[in-house]
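Protein chains in written order, with this note's numbering: chain A, 26 to 375; chain B, 26 to 375; chain C, 26 to 375. Positions of the beta carbon are idealized from the N, C-alpha and C atoms, including for glycine. If you're wondering where the values come from, they're calculated on a predicted model, not measured in any experiment.
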Amino acid sequence: MQVSYTAAEIIAITQPKSTRGATTERVQGIAALGDARPGDLSFLGNAKYKSEVPSTQASVVLLPPDYAGEPAANQLHLVLENPSAALARLCARIEQTLWPQPVPGIHPSASVAPGAKISATATVGPLCVIEAGAVIGERAHLQAQVFIGREAVVGEDCWLMPGVVLAASCQLGTRVRLQPGVVIGSDGFGYEFVQGRHEKIPQVGNVVIGDDVEIGANSTLDRARFSQTTVGEGTKIDNLVQIAHNVRIGRHCLICAQVGISGSTTVEDYVVFGGQAGIGGHITIGKGAKAGGQAGITTDIPAGAFVNGTPAVPFMLERRIAVLQQKLPELFRRVDNLERTARGTEKSSS
Amino acid sequence: MQVSYTAAEIIAITQPKSTRGATTERVQGIAALGDARPGDLSFLGNAKYKSEVPSTQASVVLLPPDYAGEPAANQLHLVLENPSAALARLCARIEQTLWPQPVPGIHPSASVAPGAKISATATVGPLCVIEAGAVIGERAHLQAQVFIGREAVVGEDCWLMPGVVLAASCQLGTRVRLQPGVVIGSDGFGYEFVQGRHEKIPQVGNVVIGDDVEIGANSTLDRARFSQTTVGEGTKIDNLVQIAHNVRIGRHCLICAQVGISGSTTVEDYVVFGGQAGIGGHITIGKGAKAGGQAGITTDIPAGAFVNGTPAVPFMLERRIAVLQQKLPELFRRVDNLERTARGTEKSSS
Amino acid sequence: MQVSYTAAEIIAITQPKSTRGATTERVQGIAALGDARPGDLSFLGNAKYKSEVPSTQASVVLLPPDYAGEPAANQLHLVLENPSAALARLCARIEQTLWPQPVPGIHPSASVAPGAKISATATVGPLCVIEAGAVIGERAHLQAQVFIGREAVVGEDCWLMPGVVLAASCQLGTRVRLQPGVVIGSDGFGYEFVQGRHEKIPQVGNVVIGDDVEIGANSTLDRARFSQTTVGEGTKIDNLVQIAHNVRIGRHCLICAQVGISGSTTVEDYVVFGGQAGIGGHITIGKGAKAGGQAGITTDIPAGAFVNGTPAVPFMLERRIAVLQQKLPELFRRVDNLERTARGTEKSSS
């Protein structure tokens with residue numbers, strides 16, 4: 026993050042209700058209250074850190090209206106209705122400098138097949154490959170070394186980071202953001218066992234990604250056997266996630282890193298999967314269901330359920346089992362004792 | 026999938042024993058009986074869906090000889106010995122249009138070092154890099170942005186999809202198919218702890234891949250310390266799989282997504298690993314053994330065994346444990362009661 | 026591994042104290058004692074394999090001073106203080122032939138933005154992309170198809186293998202070695218749920234990698250929300266590992282394949298994580314702590330602890346639980362029997 030803002034520029038971006046104090050420092054970083062140094066901006070986003078404000082070394086501090094303390098020397102307090110939202114606005118501004126608006130056009134080093142349709146407002150960066158029949162929408166940004174296969178479609182305002190592969194016939198909606206190394210449209214893992222060998226079942230479907238989807242670095246999404254593997258509008262997928270063929274993911278789901286979803290499973294809207302969770306094939310995860318990290322799910326999960334563990338059970342049961350498992354050594358001793366007592370009782374009562 | 030076949034073309038591809046009815050629709054998609062719309066082809070591959078045939082909207086339906094119903098209006102029934110096999114033939118045909126036969130030759134944007142030996146019938150696509158001494162076999166297809174390291178060997182009829190890395194000295198047999206982003210020949214993870222630091226043990230072996238192996242997107246296979254990491258003929262590996270250095274995988278195995286196999290382990294022929302299974306180092310998995318998803322294996326597994334869970338135990342035992350774990354809260358209450366009773370009995374019998 | 030050394034060359038590299046016997050074979054491979062064939066070099070690194078020396082077919086054998094046996098015909102024994110260290114020296118020599126010293130300069134096919142600062146001694150290989158403001162240090166080696174984002178910094182003597190992505194503003198120390206497909210600086214996974222949608226929290230921090238760090242193939246490290254995601258000096262990370270935003274990893278850690286570390290977690294120096302372990306967010310793993318493969322950690326772990334299982338508990342407890350779980354069927358039967366006996370006792374004592 027290479028930033029440098031004057032106090033006046035910060036005020037213009039964050040639009041505070043009022044200010045207290047002043048600073049001659051330029052803002053060159055953002056940090057938590059306790060970590061901040063002169064030249065940093067900090068913020069009080071959670072009331073429990075209130076006690077850290079008086080001693081922070083930050084040059085600029087974003088504060089809520091109910092914070093009454095005075096700034097230190099050479100420190101500027103900005104009083105805002107919502108310091109977190111103001112910080113987000115500042116970060117969005119910084120983001121534009123990290124990744125400035127790309128210049129439309131096709132870099133001379135890109136390899137574009139005849140018959141590809143590329144919008145005049147799109148940016149095709151250095152060393153991209155675009156095969157025949159592909160369509161690149163308005164203002165789409167293929168940053169560098171991106172591959173777009175035959176007849177694939179990139180929607181408006183998409184951003185494909187370096188090394189992304191969008192294989193033949195796959196489709197992206199608008200504002201889709203693909204982190205580096207994402208592979209969309211690899212073959213589904215389908216074979217038939219014939220005379221001692223695994224014969225490939227051709228995978229001739231595609232992958233269709235909805236609007237506002239984001240997919241993390243090096244994640245992989247397989248094309249359907251036929252028909253489509255789908256990801257619904259607004260769903261966010263983290264890094265190193267595997268989505269198998271014919272999976273259907275709903276809208277506004279959150280799928281954390283290293284999750285794997287097996288073939289032909291349906292994930293309804295607003296589902297949340299913790300990191301490294303594994304989801305079996307041919308099942309349905311109901312709307313709004315949640316699974317903890319490393320959960321292993323092999324059966325349908327009802328809407329709204331929160332499950333954990335392998336095999337996954339309701340979260341509270343899993344917590345209870347986890348506690349009791351640690352008491353297993355004690356339980357075995359207790360049962361040993363009961364048996365000893367019972368043998369004694371039997372003798373004495375015989 | 027952009028397809029368009031007349032009824033006559035479908036008949037020519039699938040070679041039915043007989044036909045019933047007729048359709049004027051072109052076949053532009055494939056779908057399950059219940060999902061199919063006019064213009065789709067569907068099929069009865071499993072007798073349990075027989076009741077869905079009369080109401081399907083598919084324009085063409087592949088049916089087994091024992092299906093007796095009549096087609097709907099503007100619907101064509103094709104009667105075949107094996108509808109699934111006929112469908113596979115059709116999909117294979119569609120696959121050729123998705124990925125048409127590449128034109129032999131070296132794309133002008135590729136970077137080929139002097140001394141690389143490239144067959145005249147091979148295709149080296151745009152922006153590939155081939156280092157000195159590499160050998161590319163007959164009809165091999167490096168699609169785009171592929172990297173082939175020094176002295177590496179690509180066998181006949183291999184297909185390396187965009188972004189594949191085959192590092193120095195590694196070898197592929199014939200008809201090997203590598204999905205996008207596969208890395209073959211990264212360094213094994215080997216260090217010696219010397220005076221508070223991890224000193225690298227040079228990894229100077231290679232990776233040797235047998236004929237007809239397929240490897241999924243973004244999977245990684247490490248080169249051996251010395252000697253070879255090997256994958257036997259006909260083995261299929263899914264996406265995001267990790268194969269460590271000096272692993273030896275047999276023939277015709279199935280390794281599902283996100284599996285990890287630790288260093289120097291031997292996996293014999295016909296082994297099947299479910300998704301996210303983790304296999305420890307320096308062990309042997311016997312011929313035809315199977316492990317369930319997320320299984321954690323740290324000891325040798327005998328041939329033919331089916332194991333599950335972490336640590337992995339025989340499948341039926343793991344199922345039984347999983348059920349009993351959910352009864353742990355009840356078991357603790359039962360033991361509480363027994364203890365209460367025992368205390369009462371002791372008192373009353375004393 | 027394509028090697029060919031005369032016996033004299035092997036002697037020059039390994040510097041033995043004394044030799045026994047002689048061979049006319051050139052050394053063309055390295056193999057374990059039992060696997061070696063004529064033309065191979067082998068070694069006795071562990072006394073337990075001593076009995077394999079007399080029958081090995083290796084042409085050259087590295088042996089410790091206390092090994093007294095005589096070489097076979099056409100076999101050369103080299104007596105060394107430390108055969109393993111001598112082997113490491115030989116492997117380091119072989120490594121230089123696998124990956125010979127790159128020639129400094131910028132390959133004409135690379136795409137370098139104006140304003141990038143590239144040392145004259147650095148090597149920028151074919152089809153690399155370097156954005157504006159990036160800095161490439163002395164003798165750094167970008168092998169091929171590497172991407173370096175705006176204002177990113179590559180330290181001296183780094184080696185970035187094919188397909189590596191170092192995103193904007195991220196920084197590498199000296200001698201950092203990145204295996205193929207590593208992504209550094211992808212967006213952290215941060216969203217706020219607003220009116221039924223996940224709104225992106227801009228991720229404007231960076232990633233800072235210390236000296237002598239090595240990162241395995243296709244691993245991903247996310248940039249911080251603001252501030253930095255950090256990896257300390259000398260830490261080694263295996264393949265397909267996920268490091269989330271704002272994670273701080275100490276010095277000299279070992280992180281095995283497919284581990285995932287969630288956001289804002291601190292990992293202190295000398296920590297070791299086994300393969301596929303999952304580490305929750307906002308926790309601290311104390312200095313020198315270890316976690317077994319597939320462990321699931323959701324709470325702070327004290328320095329020096331060794332934990333295992335999900336949820337992770339002290340290693341010895343986890344081993345005990347694992348054994349007792351397999352006795353659960355038996356335990357339930359024992360409690361059934363106790364209850365039956367208790368009912369009988371109650372009756373008889375009533």
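- Item | Under 9 Å by beta carbon: chain A residues contacting His307 (chain C) | The residue you call residue 307 (chain C) lines up with position 282 of the third sequence. Per Cβ cutoff of 9 Å: no residues; His307 (chain C) is ~13 Å from chain A at best.
- Item | Lys312 (chain A): contacting residues in chain C (beta-carbon distance under 8 Å) | As a position in the first sequence, residue 312 (chain A) is number 287, starting the count at 1. In chain order: nothing, as chain C lies at least about 12 Å away.
- Task: Would you mind stating whether Gln351 (chain A) and Ile346 (chain C) have Cβ atoms separated by less than 8 Å?
- Result: The sequence position of residue 351 (chain A) within the first sequence is 326, counting from 1. The sequence position of residue 346 (chain C) within the third sequence is 321, counting from 1. For Gln351 (chain A) and Ile346 (chain C), yes; Cβs fall inside 8 Å.
- Taking buried to mean at least 16 other C-beta atoms within 10 Å of its own C-beta, is Ser43 (chain C) buried or exposed? Residue numbering aside, residue 43 (chain C) sits at position 18 when the third sequence is read from its first letter. Label assigned to Ser43 (chain C): exposed.
- Item | Closer than 8 Å to chain C by CB, Ala232 (chain B) | As a first step, residue 232 (chain B) must be located in the second sequence, where it is residue number 207. The question names Ala, but residue 232 (chain B) is Val in the sequence shown. Val232 (chain B) does not count as touching chain C.
- Message: Whether or not the stretch 202-213 of chain B and the stretch 225-244 of chain B are in contact is what I'm after, with contact meaning three or more pairs of Cβ atoms, one per stretch, closer than 8 Å; do they touch?
- Response: yes
- Please report how far the alpha carbon of Cys278 (chain A) lies from the alpha carbon of Val297 (chain A), in whole angstroms. Counted from its first residue, the first sequence places residue 278 (chain A) at position 253. Counted from its first residue, the first sequence places residue 297 (chain A) at position 272. Distance between the alpha carbons of Cys278 (chain A) and Val297 (chain A): 6 Å.
- Task: Quick one: grab the DSSP three-state call for Asn23 (chain C).
- Result: Because residue 23 (chain C) is not part of the residues shown, which for chain C are 26 to 375, the question remains open.
- Assigned exposure category for Ala145 (chain A) - 16 Cβ within 10 Å defines buried: Within the first sequence, the letter at position 120 stands for residue 145 (chain A). With fewer than 16 other Cβ atoms within 10 Å, it is exposed.
- Query: Does any residue of chain C bring its CB to less than 8 Å from the CB of Phe68 (chain A)?
  - Reply: If you number the first sequence from 1, residue 68 (chain A) lands on position 43. Chain C contact via Cβ: absent.
- Message: Buried or exposed for His307 (chain B), going by 16 or more other Cβ atoms inside 10 Å?
- Response: The residue given as residue 307 (chain B) occupies position 282 in the second sequence. With fewer than 16 other Cβ atoms within 10 Å, it is exposed.
- List the DSSP bridge partners of Gln267 (chain A). Taking the first residue of the first sequence as 1, we reach residue 267 (chain A) at position 242. Gln267 (chain A) pairs with A:Thr245, A:Gly285.
- Query: Mind pulling the chain A residues with CB within less than 8 Å of Pro151 (chain B)?
  - Reply: Along the second sequence, read from residue 1 onward, the residue named residue 151 (chain B) stands at position 126. Those within 8 Å of Pro151 (chain B) in chain A are Ser136, Val154.
- Query: Residue range of the beta strand (DSSP E) that Val104 (chain A) falls in?
  - Reply: As a working mapping, residue 104 (chain A) is identified with position 79 in the first sequence. From DSSP, the beta strand (DSSP E) with Val104 (chain A) extends over 101-104.
- Query: Using Cβ-Cβ distances below 7 Å, what residues of the stretch 264-279 of chain B are close to chain A?
  - Reply: Asn264, Leu265, His277, Leu279
- Would you call the stretch 90-104 of chain C and the stretch 119-127 of chain C in contact, with 3 or more CB pairs under 8 Å? no
- Message: Restricting to Cα atoms, I'd like to know which of A:Ala113, A:Arg118, A:Glu50, A:Phe68 is closest to Ala98 (chain A).
- Response: By one-based count along the first sequence, residue 98 (chain A) stands at place 73. It is A:Glu50 whose Cα lies nearest to the Cα of Ala98 (chain A).
- Does the stretch 66-78 of chain C come close enough to the stretch 103-117 of chain C that 3 or more CB-CB pairs lie under 8 Å? yes
- Task: State the DSSP-derived secondary structure class of Lys75 (chain C), mapped to helix, strand or coil.
- Result: Taking the first residue of the third sequence as position 1, residue 75 (chain C) is located at position 50. The answer is helix: DSSP assigns Lys75 (chain C) an H, G or I state.
- Task: Figure out for me which residue from C:Ser244, C:Arg276, C:Thr291, C:Thr255 has the closest Cα to the Cα of Gln283 (chain A).
- Result: Residue mapping note: residue 283 (chain A) aligns to position 258 of the first sequence, counting from 1. If we check each option's Cα against that of Gln283 (chain A), C:Ser244 comes out closest.
- Query: Got a sec: is the Cβ-Cβ distance from Tyr30 (chain C) to anything in chain A below 8 Å?
  - Reply: Your numbering for residue 30 (chain C) matches position 5 in the third sequence. No, no contact with chain A.
- Query: Is Gln283 (chain C) close to chain B, meaning its C-beta is less than 8 Å from at least one C-beta of that chain?
  - Reply: Numbered from its first residue, the third sequence carries residue 283 (chain C) at position 258. Closer than 8 Å: yes.
- Message: Which residues in chain B have a C-beta closer than 9 Å to the C-beta of Glu293 (chain C)? List them in chain order.
- Response: Mapped onto the third sequence, residue 293 (chain C) falls at position 268. Near Glu293 (chain C) there are no residues of chain B at all, since even the closest Cβ is about 14 Å away, more than 9 Å.
- Message: Please state the DSSP three-state secondary structure of Glu343 (chain C).
- Response: To locate residue 343 (chain C), count along the third sequence from 1; it is residue 318. In this structure, Glu343 (chain C) counts as helix in the three-state DSSP scheme.
- Task: Check the C-beta distance from Pro108 (chain A) over to Gly46 (chain A) and give it rounded, since I have them as a contact under 8 Å.
- Result: On the first sequence, position 83 is the one that residue 108 (chain A) refers to. On the first sequence, position 21 is the one that residue 46 (chain A) refers to. Actually they do not touch by this definition, with Cβ atoms about 16 Å apart.
- Message: Can you find the residues in the same chain that come closer than 7 Å, C-beta to C-beta, to Phe251 (chain B), ignoring five residues on each side of it along the sequence?
- Response: Along the second sequence, one-based indexing puts residue 251 (chain B) at 226. Cβ neighbours of Phe251 (chain B) beyond the five flanking positions: Val229, Gly230.
- Task: Could you name the residues of chain A that Pro108 (chain B) contacts, counting a contact when the two beta carbons are closer than 9 Å?
- Result: Along the second sequence, read from residue 1 onward, the residue named residue 108 (chain B) stands at position 83. Under the 9 Å cutoff, chain A gives no residues; its nearest Cβ is about 14 Å from Pro108 (chain B).
- Query: Closest by CA to Gly158 (chain C), which one among C:Arg164, C:Glu293, C:Ile143, C:Phe357?
  - Reply: Working through the third sequence from its first residue, we reach residue 158 (chain C) at position 133. For Gly158 (chain C), the nearest C-alpha among the options comes from C:Ile143.
- Query: Which residue or residues does DSSP assign as beta-bridge partners of Lys42 (chain B)?
  - Reply: Start at 1 with the first residue of the second sequence, and residue 42 (chain B) comes out as number 17. For Lys42 (chain B), which the question treats as bridged, DSSP gives no partner whatsoever.
- Indicate the three-state DSSP secondary structure (helix, strand or coil) for Asn107 (chain C) in the structure shown. Numbered from 1 along the third sequence, position 82 holds the residue referred to as residue 107 (chain C). Coil, per DSSP.
- Task: Output yes or no for whether 8 Å exceeds the beta carbon distance between Leu356 (chain C) and Phe357 (chain A).
- Result: Taking the third sequence and counting its residues from 1, the one referred to as residue 356 (chain C) is at position 331. Taking the first sequence and counting its residues from 1, the one referred to as residue 357 (chain A) is at position 332. Against a cut-off of 8 Å, the Cβ pair of Phe357 (chain A) and Leu356 (chain C) comes out as a contact.
- Message: Could you pull the DSSP bridge partners for Val256 (chain C) from this structure?
- Response: As a first step, residue 256 (chain C) is located in the third sequence; it is residue number 231 there, counting from the start. Beta-bridge pairing links Val256 (chain C) to C:Ile234, C:Ile274.
- On the premise that Val179 (chain A) lies in contact with Val160 (chain A), defined as a C-beta separation below 8 Å, what is that separation, rounded to the nearest angstrom? For the purposes of this step, residue 160 (chain A) is taken as residue 135 along the first sequence, with counting starting at 1. For the purposes of this step, residue 179 (chain A) is taken as residue 154 along the first sequence, with counting starting at 1. Right, the Cβ-Cβ distance comes to about 7 Å (below 8 Å), so this counts as a contact.
- Which partner residues of Ile155 (chain A) appear in the DSSP bridge assignment? As a position in the first sequence, residue 155 (chain A) is number 130, starting the count at 1. DSSP output for Ile155 (chain A) lists A:Val137, A:Ile173 as bridge partner(s).
- Specify the secondary structure class of Val360 (chain A) as computed by DSSP and reduced to three states. Taking the first sequence and counting its residues from 1, the one referred to as residue 360 (chain A) is at position 335. In this structure, Val360 (chain A) counts as helix in the three-state DSSP scheme.
- Query: For Glu181 (chain B) versus Glu163 (chain B), is the C-beta distance shorter than 8 Å?
  - Reply: Within the second sequence, residue 181 (chain B) is the residue found at index 156, counting from 1. Within the second sequence, residue 163 (chain B) is the residue found at index 138, counting from 1. Cβ atoms of Glu181 (chain B) and Glu163 (chain B): closer than 8 Å.
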